[in-house]
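Worksheet: one structure, shown below.
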Amino acid sequence: MDDSVPMVHYGGMKAQPRSNGVPPRLSTQGLFILNQGIHWSIVGVIFPVLSLAILAKGMNYFQLGILMAVYSGATVVLELPTGGLADSLGRKTVYLSALCCMAAGALVFYAARSFTGIAVAFLFLGTGRALASGTMDAHFIDALYAENPEVDLQRVMAKVHAAVPVSLGLFSLLGGYLPDLSEGLGVPWLLRDAYSLNVLVMLSLMVIQMLLTLTLIHESRPRPGLQQLSEGFKAVPRIIVSALELGLKNKAILLLLIGGFLWGFSISGLEQFWQPRVQEIGSDEVHSRVFGFLAAGYFVAAAAGSLVSGLVGRLTKGNYTLMLVLIRAAMAAGLVLLARSRGLPGFSVFYIGTFFFNGMANSPESAVLNREVSSDRRSTVLSVASLIMQFGGLGGSVILGFLARTYSIPLVWTVSGAALFISALVYLGLPSARRKD
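Take any residue in the sequence shown, note its place counting from 1, add 73, and you have its number in my numbering.
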């Protein structure tokens, strides 16, 4: 057995009564679903109002873009190097550290009233996201295989991935109602602005997650050491160069990396500015709960698009390249139409429709990429593909934030739509990739 992988202990975790009268523990699968559900509920509570919460602290659109870039930058810099840290210090330890960073970021954000203070908060939040990325997934997958080497992991992951959008959607609805609720509580010393309650609920969920992790998840602590973290930082340039060299040799991979960069660039403009745009077109008539419904619609539409992609695959006879081109073009059109929307009903239709097409694109894009990569290079290329997308998002946060501040949000989305349409043209150069029957 590899000593670098911490042992996990799940004694008595099968749902059987105990002779001492203590209630049985959750199964490993149940704990996995609970962990991921609460983890993403933390995101859901703040997601519908995050941009509005930043603007409420006196920031402008350009500063909003810079702050999002700080968050993305921290994630970009740390996500690859921290990949081995969980194996070095233990998945539970690293995940608890991630929650502590996120809680520190939320506390700083709650108290901050300056650009610098909010930037520090987003640095903590981005660090927490990087530390948490994949940590508990690896922990529970190891535990499932330890219990049953023949476990049907696909079925387990399907349940987990179903729980994630449900948690995001439900807590996004809650996040949309909290600002309205805070107005009637009458505690200005605690609720510093309309969105303070969202931050406090987010903090409460983090504390609950910490307590559940401490009490329900058991892992023997390996010998502490930070050597893997240092090696992780040193490996980043080599990983990127290796994947780019492969991309230069493989036209399909190179085009997919370009398309991923353009997607990251475009989607950042939509995610940052949809809330301010709703305020602009809805004026004083928009209640905060509207943002919750739209955010929930975002996740439902993405999940529906993913399900419908199978039908589209049959209509295109499994031609994934054609699917990608058509879906990206449709998403680009949705963004341009969204930019031209002047009323809340039309905005809602195009906003949700855009994320429906976005959800459709995930499976064909993954299929094309994975067919071009050998198993010994797959992890490297997938990591760099994610990194390239985040670089696109980082650049989009700054450039599109400047355009929104100087010109308008509709112009930002028109530029974003143009970038997505360019990505559709880029994908025309992909070799025809059909499903194997």
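Glycine included, C-beta positions come from ideal geometry on N, C-alpha and C.
State whether the region 464-480 contacts the region 108-126, with contact taken as three or more CB pairs (one from each stretch) at a distance under 8 Å. no
V242 to G365 span [Cα, whole Å]: The sequence as given places Gly at residue 242; Val does not occur at that position. Approximately 8 Å, taken between the alpha carbons.
Output the boundary residues of the alpha helix (DSSP H) element that contains H212. 208-220
Could you tell me whether the Cβ atoms of N33 and L284 are closer together than 7 Å? No answer is possible for residue 33: the residues shown for the chain start at 74 and end at 510.
For M80, which three-state DSSP category applies? Annotation note: pLDDT 32 at M80 (below 50); position unreliable, coordinate value reported separately. Here DSSP, grouped into helix, strand and coil, assigns M80 to coil.
Sufficient close CB pairs (3 or more, under 8 Å) joining the region 428-436 to the region 368-378: yes
Is it true that the CB of L493 sits closer than 7 Å to the CB of A434? no
Apply the 10 Å Cβ neighbour rule to A216 and answer buried if 16 or more other Cβ atoms are within range, or exposed otherwise. buried
Alpha carbon to alpha carbon, how far is V385 from E292? 44 Å
H212 classed as buried or exposed, judged by whether at least 16 other C-beta atoms fall within 10 angstroms: buried
Pick out whichever of N443, G103, M132 has its Cα sitting closest to the Cα of N323. N443
Touching or not, the region 385-405 and the region 171-189, by the rule of three or more beta carbon pairs under 8 Å? no
Measure the CB-CB distance between W486 and L411 and report whether it falls below 7 Å. Yes, these two residues count as a Cβ contact at 7 Å.
Coarse secondary structure for V95, derived from DSSP in three states: Bear in mind that the predicted position of V95 carries a pLDDT of just 38, short of 50, making it too unreliable to give a figure here.
N133 by DSSP, collapsed to three states: which one? coil
Given that a residue counts as buried once 16 or more other Cβ atoms are within 10 Å of its Cβ, and exposed if not, what is I461? buried
In whole angstroms, give me the CA-to-CA distance for G502 and A325. Straight-line Cα distance between these residues: approximately 8 Å.
Excluding the five sequence neighbours on either side, which residues of its own chain have a C-beta within less than 7 Å of the C-beta of E445, listed in chain order? N323, A325, I326
What do you reckon, are the CB atoms on A511 and V398 nearer than 7 Å? Because the chain is modelled from 74 through 510, residue 511 falls outside the range shown and cannot be assessed.
Looking at A203 and L151, is the spacing between their C-beta atoms short of 7 Å? yes
Could you spell out the range, first to last residue, of the alpha helix (DSSP H) harbouring S339? Where S339 is concerned, the enclosing alpha helix (DSSP H) stretches over 324-355.
Helix, strand or coil for E445 per DSSP? coil
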